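Everything below concerns the one structure shown next.
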Amino acid sequence: MPWHLPTNGKTRLVAVLLALNGLGVAGAVAGVAAAPTGTRMVVIAPPWSEPGRIVKIVAAAGGSLVDGGSRDWIVLAESGERGFAARLLAAGALIVLDGRLGKSCFDLGNSNEASR
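Next comes the structure, spelled out in structure tokens:
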């Protein structure tokens, strides 16, 4: 049975506000979960960039490669220095995610490896 937006003005307003609040909470939770906080980062370069660009991005940010992804434009990188995520973005990374999310992109063998 399909769901329909209520036709009553007040009920419709409440339904819309609840939906927007739900989306806001989901977005906040996703943002906190993906915010890079550790020493390891999932680094995503623009997919259309030349091969090897991701290596140059990590090197320019002062990091080292830990593992490669299934594509040439995604890697797991590490740096013990503060501000690594910001430096990766400044060097040309399209997206930088917390290394704990790397478990879905990389076969790390040990589930604790990505959380360092």
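If you count the sequence shown from 1, position 20 lands on 303 in our numbering, and the numbers rise without skipping. By construction, the Cβ of each residue, glycine as well, lies at the ideal position given by its N, Cα and C atoms. Computed from a prediction, not measured in an experiment: that's the story for all the values here.
Who are the Cβ neighbours of residue i in its own chain at under 6 Å, not counting the five residues just before and after it?
| i | result |
| --- | --- |
| P336 | The sequence as given places Arg at residue 336; Pro does not occur at that position. Excluding sequence neighbours, R336 sits near A328. |
Nearest to residue i by alpha carbon, out of the options?
| i | options | result |
| --- | --- | --- |
| D403 | E361, A374, G345 | The structure shown does not extend to residue 403, since the chain is modelled only from 284 through 399, so no value can be given for it. |
| P334 | V358, V299, R370 | V358 |
| T322 | R365, G292, L384 | R365 |
| S353 | T294, K339, L377, P330 | P330 |
| R383 | L303, V299, L300, V325 | V325 |
| A369 | N304, I340, L296 | I340 |
For the beta strand (DSSP E) that residue i lies in, which residues bound it at each end?
| i | result |
| --- | --- |
| A360 | 357-361 |
Can you name the residues that DSSP bridges to residue i?
| i | result |
| --- | --- |
| G346 | In the DSSP output, where bridge partners are listed per residue, G346 has none listed. |
| I378 | I327 |
| G351 | V358 |
Identify, in the order they occur along the chain, each residue of the same chain with its Cβ nearer than 7 Å to the Cβ of residue i, setting aside the five sequence neighbours on each side.
| i | result |
| --- | --- |
| G351 | V358 |
| N291 | none |
| A376 | V326, I327, A328, I340 |
For residue i, report the span of its alpha helix (DSSP H) as first-last.
| i | result |
| --- | --- |
| L372 | 367-374 |
Could you tell me whether any non-hydrogen atom of the ligand COA is closer than 6 Å to the CB of residue i?
| i | result |
| --- | --- |
| D350 | With respect to the ligand COA, the structure offers nothing, as it holds no ligand at all. |
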